[in-house]
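Per this note's numbering, residue 3 is the first one in the sequence shown, and the count goes up by one each step.
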Amino acid sequence: MTAAWVAGSVRARSMTRRRLGRDAVRRLAGEPSLDAALGVLVRTPYGHDVRLGMSLAEAQRAVHGALVWNVRVLGGWVPRDGAALLRVLLAPFEIANVADHLRRLRGEDAPAPYRLGSLSTAWPRLAAAGDTVRLRAALAASTWGDPGGTEPDEIVWAMRLSLADRAVAVSPTAAPWASGAVALLLARGLLLDRPDLTPGARLSAARVVGPAAAAATTLAELRPRLSRSASWALTGVSGGEDLWHAEARWWARVEQDAVALTRSPRPGAEVVLGAVALLGVDAWRTRAALEVAARADASPGDLDTVVDDRSPDEWAADGTGTAHAVA
């Protein structure tokens, strides 16, 4: 174990104290307005990016911006292979940057990109692509791989599935999270709108959940084809309206596992993985709390699904939780 891993693990554990936590998230959701909630949030570690007067969309993006900043700071403490792990953990924000870039290519307004710095995978090259053909070529020349098409949805879906494949390769510990995420993505695609998966996207999915599951054309086909490491994510899912609860269970599983990882007595990649995952869960909850505070027809009880503190199995067993989607 190198000194860099020891230092990085200590720093990672200390960063978990920057979370709001369940109680503070509930109080945030109970504020009478978005402005009142922002007044509270700017006095927390999220105040690095959150500002008074922001719209809901701006504030939610700023919450993620603060998360990105924290992970970039952590990147200065870990060794090179730790940076590779953090690069994968920040890859969802590179996907968000690409999705926004695709909007700009269509002439639509989009927010400024997340600043990923040295933890980007290929963003500077992707940002320079002036059309979707060049964007596809830039992706194909990078770790992301060829998305297999130039339609915006094809590109974004291929990147999401490629990320799950990369996550398993970089951190086998995260395999249940990645396989569960792919199961949710495939289910969402089958139940809601999704482009036909390109061969590259389907191959990425197959590496994570198996070729049979990746080839499923209905939810009824998908469920029995999933391995146990992936099928847990679809517990109770029979239609599109169940996906929100399934996503909440996914986050609950991530949190449960991440707590155990950060408590590991041995410094190293698992501690860092767990700490960043806990920061991600807190950001997810904080964004949801902001939406509840901003909605005149909402109440703090609408946050129950997000802050429920039981295990994923217990949560699934009794089916409790609000049906209001606040993601």
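Glycine included, every Cβ here is placed at the ideal spot set by N, Cα and C.
None of these values were measured; they are calculated from a predicted model.
With three or more beta-carbon pairs closer than 8 Å as the criterion, would you say the stretch 71-84 touches the stretch 270-286?
Yes: the two stretches touch, three or more of their Cβ pairs being nearer than 8 Å.
By the 10 Å Cβ neighbour count, where 16 or more other Cβ atoms means buried, how is Gly282 classified, buried or exposed?
Buried: at least 16 other Cβ atoms inside 10 Å.
Give every residue of the same chain whose Cβ lies closer than 6 Å to the Cβ of Ser181, excluding the five residues on either side of it in the sequence, and list them in chain order.
Closer than 6 Å at the Cβ level, and outside the excluded window around Ser181, lie Val210, Val211, Ser231, Ala232.
With a cut-off of 8 Å, do at least 3 Cβ pairs link the stretch 108-117 to the stretch 156-175?
The stretch 108-117 makes no contact with the stretch 156-175: fewer than 3 CB pairs, one atom from each, lie closer than 8 Å.
Tell me, please, whether the stretch 95-105 touches the stretch 21-36 by the rule of three or more beta-carbon pairs shorter than 8 Å.
no
Are the beta-carbon atoms of Leu128 and Ala85 separated by less than 9 Å?
Not closer than 9 Å, so no.
For Gly151, which of helix, strand or coil comes out of DSSP?
coil
Quick check on the DSSP output: what are the complete alpha helix (DSSP H) runs of length 4 or more inside the stretch 248-305, in order along the chain?
271-296
Where Asp198 and Leu224 are concerned, what is the direct C-alpha to C-alpha distance, given to the nearest angstrom?
15 Å
Whole angstroms are fine: how far does the CA of Arg105 sit from the CA of Pro201?
Roughly 24 Å separates the two Cα atoms.
Taking a contact to mean a Cβ-Cβ separation below 9 Å, would you say Ala250 touches Ser35 in this structure?
no
What residue range is occupied by the uninterrupted alpha helix (DSSP H) comprising Asp25?
23-31
For the stretch 286-304 against the stretch 7-16, do three or more pairs of beta-carbon atoms, one drawn from each stretch, fall closer than 8 Å, so that the two count as touching?
Judged by pairs of C-beta atoms under 8 Å, the stretch 286-304 does not touch the stretch 7-16, as fewer than three such pairs exist.
CA-CA distance, Glu272 and Ala9?
14 Å
Take Leu58 and list the residues in its own chain whose beta-carbon comes closer than 7 Å to its own, dropping the five residues that flank it on each side.
Leu36, Leu292, Glu293, Ala296
If Gly241 and Leu193 are in contact, beta carbons under 8 Å, what's the gap, nearest whole angstrom?
Indeed they touch by this definition, with Cβ atoms about 6 Å apart.
How many angstroms separate the CA atom of Leu245 from the CA atom of Val44?
32 Å
Need the endpoints of the alpha helix (DSSP H) that Ala6 sits in, please.
5-17
With 16 as the cutoff for other CB atoms within 10 Å, does Thr219 come out buried or exposed?
exposed
Buried or exposed: which applies to Glu243, given that a residue is buried once 16 or more other Cβ atoms fall within 10 Å of its Cβ?
When all chains shown are included, Glu243 counts as exposed.
Measure the beta-carbon distance from Ala68 to His50 and round it to whole angstroms, keeping in mind my assumption that it falls under 8 Å.
5 Å
Tell me where the alpha helix (DSSP H) around Pro126 begins and ends.
125-129
Just to confirm, are Leu163 and Thr134 a CB contact at a threshold of 9 Å?
Contact: no.
Quick one, are the C-beta atoms of Trp159 and Ala169 less than 9 Å apart?
no
Between the alpha carbons of His66 and Asp259, how many angstroms are there, rounded?
21 Å
Candidates Arg20, Val12, Ala166, Leu165: which alpha carbon is nearest Tyr48's?
Selection Arg20, Val12, Ala166, Leu165 evaluated against Tyr48 yields Arg20 as nearest (Cα-Cα).
So within the stretch 27-94, which uninterrupted beta strand (DSSP E) runs reach at least 3 residues, ignoring any that extend past its ends?
none
Would you give the residue range spanned by the alpha helix (DSSP H) that Thr134 belongs to?
For Thr134, the enclosing alpha helix (DSSP H) starts and ends at 134-142.
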